[in-house]
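Read the structure below first, then the notes.
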Amino acid sequence: MRENDKLKKIQETELEILTEFDRICRKHGLTYFLDSGTALGAVRHGGFIPWDDDIDVGMPREDYEKFMSIAPTEMDPAFFLQNKVTDPKSPYYFAKIRKNNTLFMEWNKRNMDIHHGIYIDIFPYDNLPDDQTEREAFLSKCKKLYQLYVYRTIPDRDAPPQKGLKWMVMASVRRMLHYLVMPIPLSYLEKKSNELYQSHNQQETRYTSCCIYGFTFMKDHLYPVKEIQFEDKVFFGPADTDAYLTSLYGDYMTLPKEEDRMNHFPYKVEV
């Protein structure tokens with residue numbers, strides 16, 4: 003199968019997963035929005051960014067947790083909800099929905115005994131402090147903790163092997179960091195992550211973030227979510243897509259250079 007045809011099949015499968023996710027959220031009144039590059043694709047391309055091979059959605063933490071409890075019994079058996087409960091060896095802090103009997107194996111996870119089906123990502127969003135200095139310090143702490151979590155769970159770099167000394171050195175450093183943090187119990191990192199990321203959720207604040215990545219958004223740029231066209235279907239996007247996308251990408255309507263058009267480096271794909 004040609005690469006363009008394979009990418010199209012991956013995107014079609016991801017759209018199928020997103021449609022099932024949307025069905026459950028609408029049935030139970032759960033809030034979600036097309037996130038990051040998926041929202042950008044909806045606005046700039048009317049669907050997928052042509053070279054993109056994933057779908058991201060964000061959810062307020064409360065709705066995220068509700069979905070985690072509802073989905074295992076509600077979801078079509080063609081799909082698999084992947085989180086630390088359903089797939090304990092999963093290296094991800096966040097959840098994914100994967101399509102059974104498909105394969106999208108990323109190079110740096112090729113040796114992991116987990117479900118490797120084609121997927122969409124589901125990111126939880128938590129409250130941030132309103133004070134800018136406090137907010138920046140909090141997000142810095144969140145990102146450092148998540149980096150530690152990634153070093154602990156994923157021994158290899160994202161990109162597949164490349165020729166040259168630089169790649170070899172960086173790969174060796176990554177492996178070394180992985181083994182250095184191995185003595186830290188993963189259960190400890192998971193507990194600390196949940197406590198830290200959700201530490202402001204009992205307060206009414208104006209800002210929110212998926213804390214593992216550290217981008218700051220005003221809540222009124224995200225909520226209440228509004229319907230948005232994506233390919234031939236309608237899903238939910240941020241309340242103010244222009245403000246949201248500008249904060250993420252700046253001049254988001256300008257296409258990146260061809261050499262900057264990246265995807266997830268799949269190692270093996272079966273659709």
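Residue numbering for the sequence shown is 3 to 273, as defined by the numbering used here.
Cβ atoms here follow ideal geometry from the backbone N, Cα and C, with glycine treated the same way.
Limits of the alpha helix (DSSP H) - the one that residue i falls within
i      : result
Pro74  : 63 to 76
Glu108 : Element bounds for Glu108: not the alpha helix (DSSP H) but the beta strand (DSSP E), 105 to 108.
Phe140 : 134 to 155
Glu272 : Looking at the DSSP string, Glu272 is not in any alpha helix (DSSP H); the run it does join, the beta strand (DSSP E), is 268 to 272.
Asn6   : 5 to 30
Arg46  : 38 to 47
Residue from the options whose Cα sits closest to the Cα of residue i
i      : options                        : result
Pro185 : Tyr153, Leu130, Ile124, Thr75  : Tyr153
Ser201 : Glu233, Arg177, Val171, Leu141 : Leu141
Ser38  : Gly49, His30, Asp54, Asp58     : Asp58
Ile214 : Lys146, Leu17, Gly239          : Lys146
Phe106 : Arg4, Thr135, Leu20, Lys8      : Lys8
Ile156 : Cys144, Ala139, Val175, Gly166 : Val175
Thr218 : Asp128, Ala173, Leu20          : Asp128
Ser195 : Thr88, Ala73, Gln149           : Gln149
His223 : Gly216, Glu233, Thr243, Phe238 : Thr243
Glu192 : Leu32, His47, Lys86            : Lys86
Pro226 : Phe238, Glu233, Gly216, Asp234 : Phe238
Extent of the continuous beta strand (DSSP E) to which residue i belongs
i      : result
Lys98  : 97 to 101
Tyr254 : No beta strand (DSSP E) holds Tyr254; DSSP gives it neither H nor E.
Gln164 : Run containing Gln164: none; DSSP gives neither H nor E here.
Phe125 : 121 to 130
Phe82  : 81 to 84
Where residue i falls, given that 16 or more other Cβ within 10 Å makes a residue buried
i      : result
Lys101 : buried
Leu257 : exposed
Glu272 : exposed
Gln164 : exposed
Lys270 : exposed
Glu84  : Reading off the sequence, residue 84 comes out as Gln, not Glu. With 16 or more Cβ atoms within 10 Å of its Cβ, Gln84 is classed as buried.
Counting only runs that start and end within the segment 175 to 241, where is the beta strand (DSSP E) found for 3 or more residues in a row? 209 to 211, 228 to 232, 235 to 239
With a threshold of 8 Å, are at least 3 pairs of Cβ atoms found where one atom belongs to the segment 182 to 200 and the other to the segment 105 to 124? no
Three or more C-beta pairs below 8 Å linking the segment 49 to 64 and the segment 28 to 38: yes
May I ask you to verify whether the segment 74 to 84 touches the segment 19 to 35, counting CB pairs closer than 8 Å and requiring at least 3? The segment 74 to 84 is in contact with the segment 19 to 35.
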